Structures are given as C-alpha cells and as structure tokens.
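Residue numbers (the UniProt record's numbering): 1 to 229. Glycine included, each C-beta is placed from N, C-alpha and C at the ideal position. Source: prediction; values computed, not measured. Below is one structure, written out as structure tokens, with a few remarks after it.
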Amino acid sequence: MESSVGLNSHDNLDKQISQLMQCKPLSEQECPDTNYLFMGDYVDRGYYSVETVTLLVAIKARYPQRITILRGNHESRQVESEIFCLHGGLSPAIETLDNIRNFDRVQEVPHEGPMCDLLWSDPDDRCGWGISPRGAGYTFGQDISEQFNHKNSLKLIARAHQLVMEGFNWGHEQNVVTIFSAPNYCYRCGNMASILEVDDCKAHTFIQFEPAPRRGEPDVTRRTPEYFL
1 MESSVGLNSH DNLDKQISQL MQCKPLSEQE CPDTNYLFMG DYVDRGYYSV
51 ETVTLLVAIK ARYPQRITIL RGNHESRQVE SEIFCLHGGL SPAIETLDNI
101 RNFDRVQEVP HEGPMCDLLW SDPDDRCGWG ISPRGAGYTF GQDISEQFNH
151 KNSLKLIARA HQLVMEGFNW GHEQNVVTIF SAPNYCYRCG NMASILEVDD
201 CKAHTFIQFE PAPRRGEPDV TRRTPEYFL
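Structure follows, in structure tokens:
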C-alpha cells in the first residue's frame with residue numbers, strides 16, 4: 001500500500017478509547033481532508049478492546065479513502081515513497097519493499113520468519129542483527145536501518161511497538177522514529193503520547209498529548225498484566 005502525503009500516524013492505542021475519541025484531528029471537520037494511518041496494537045491492555053476496534057472500523061467505514069488500519073504485531077505502508085510505516089521493525093530476510101509486497105498477508109502471524117519480524121523487531125544501539133529479548137523478531141542496528149533506507153530510496157522508517165516516554169523517539173540518527181499514541185500506558189506508566197503529522201510538503205511534526213480525564217474504572221475481572229512484551 002502506498003499513500004500520498006497529508007497524513008496523521010497513530011500507534012499502540014491498546015484499548016484507550018477515551019484518548020481516541022478526544023483526539024482533536026479526528027474531528028468531523030478535519031477527517032475528510034486528512035489521511036489517518038493507525039499502526040497496530042489496538043487491543044490487549046486497557047479496558048475497552050471491543051469499543052476501540054469498533055470505533056476504528058466505524059471511522060474506516062465513514063471515510064474509507066482516508067483511514068488506513070494496519071495489522072499490529074505485519075502490515076506496512078509507504079508514504080509518498082519516502083516514509084516506510086510498519087508496526088515493529090526490519091527483518092534479515094527482507095532487503096526491498098518488493099519482498100514485502102509479495103507476501104501472502106491473509107494468514108495467521110507465524111512464530112518466526114519475515115512476517116513475524118515486521119511485527120516484533122526493534123531498533124537497537126548495537127550494530128547488526130541481534131536476538132530479540134521478546135522471543136520473536138530481531139534487534140537491528142543503525143547500519144541495518146541506513147542500508148535499508150538507502151537501498152529502497154527511503155528517508156525514514158516510522159514504527160511503533162515500544163513505549164517511549166515523550167510519545168515519540170528518534171533513533172539511528174533520524175533514520176528511525178518510534179511513535180506511541182497511548183498516554184499513561186496501562187494506566188500507570190505516566191508517559192506522553194504523540195501523533196506524527198506529515199503535511200503536503202512532506203514536512204513532519206509531532207503532536208503530543210496527555211491522558212484524557214477518566215470517568216472511573218469499569219468493573220473487570222481480569223487484572224492488568226505484570227509484564228510488558
């Protein structure tokens with residue numbers, strides 16, 4: 001999938017529907033003129049899985065040409081042939097974007113292989129490929145991201161998948177940026193959230209925001225997990 005510019009990118013909503021509903025750029029006035037890309041992880045941590053996914057699907061149905069919903073932890077999107085957006089990271093089995101275009105995407109995510117890597121891999125300070133502590137995917141260094149961007153004529157890899165306290169974090173000398181759109185993750189991390197906005201001139205800015213006011217906690221039987229993957 002390829003997109004023109006004029007884009008807002010969101011990541012890791014993780015059932016925080018109050019944040020999604022209060023996101024100003026998603027107002028009725030702005031949606032028809034702006035493209036929105038959601039980069040995975042809409043459920044699992046938080047209280048409102050069904051509500052969050054339902055709202056995203058409803059927005060997609062209302063503005064089918066403006067809303068793109070990527071698959072969390074395999075889907076990817078290229079913005080104006082310069083920004084490569086995906087949920088996780090790179091794979092040693094993938095050298096070009098054509099490799100990804102040739103995937104059979106209508107399948108369950110495997111436990112290993114390039115599709116798994118795109119959802120689970122993370123950038124790292126160490127060069128080269130490394131074993132991921134997550135147990136899936138790989139870590140990849142600045143040399144890997146620079147080589148991938150150069151070979152595919154890209155300027156930036158925009159990805160999600162990791163909590164960053166300011167809502168966004170540059171890495172690999174601005175070859176990679178991590179975007180996180182769930183403020184106060186799991187209702188306890190105290191982090192900011194952000195949206196990446198790309199305008200018609202391909203300039204990008206980050207819109208940061210804090211948690212929306214909570215209206216009390218629902219009655220749930222499942223406790224928040226003690227771990228983060």
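* Asked: Name the DSSP beta bridge partners of D171, please?
  -> Checking the sequence shown, residue 171 turns out to be Gly, not Asp. The partner list for G171 (beta bridge, DSSP) reads V176.
* Give the DSSP bridge partners of residue 230, in chain order. => Absent from the structure is residue 230, since the part of the chain shown begins at 1 and ends at 229.
* To do: Output the distance between the C-alpha atoms of C85 and M39, rounded to the nearest integer angstrom.
  => 8 Å
* Whole alpha helix (DSSP H) elements within the stretch 83-146, 4-residue minimum -> 97-101 and 114-120
* Asked: With burial defined as no fewer than 16 other Cβ atoms inside 10 Å of the residue's Cβ, what is the status of A182: buried or exposed?
  -> buried
* **L55: first and last residue of the uninterrupted alpha helix (DSSP H) it sits in** => S49 to R62
* Asked: Which residues does DSSP pair with R188 in a beta bridge?
  -> Answer is none; R188 lacks a bridge partner.
* Asked: Since R159 is in the beta strand (DSSP E), which residue starts that stretch and which ends it?
  -> L156 to R159
* Tell me whether M115 is buried or exposed, calling it buried when 16 or more other Cβ atoms sit within 10 Å of its Cβ. => buried
* CA-CA distance, Q208 and I195? -> 7 Å
* Excluding sequence positions up to five away, which residues of its chain have a Cβ less than 6 Å from the Cβ of V164? -> T178 and F180
* By a C-beta neighbour count over all protein chains shown, 10 Å radius and 16 as the cutoff for buried, is G167 buried or exposed? -> buried
* Asked: Relative to the C-alpha of N191, which residue among V176, K202, A212 and D199 is closest?
  -> A212
* Is it buried or exposed for S81, if we count other Cβ within 10 angstroms and need 16 for buried? -> exposed
* Asked: Hey, would you say R66 sits closer than 8 Å to Y36, going by beta carbons?
  -> yes
* **Distance between C201 and I69 (C-alpha atoms, nearest Å)** => 23 Å
* Asked: Any chance the CB of P114 is under 7 Å from a heavy atom of the ligand MN?
  -> The model on display carries no ligand, and the ligand MN is accordingly not part of it.
* Per DSSP, what kind of secondary structure is N149 in: helix, strand or coil? -> helix
* **Under 8 Å between C-beta atoms of T96 and N152** => yes
* Would you mind working out which of E108, P64 and P92 sits nearest F148, comparing C-alpha positions? => P92
* Asked: Taking all protein chains shown into account, do 16 or more other C-beta atoms lie within 10 angstroms of the C-beta of T139, making it buried, or fewer, making it exposed?
  -> buried
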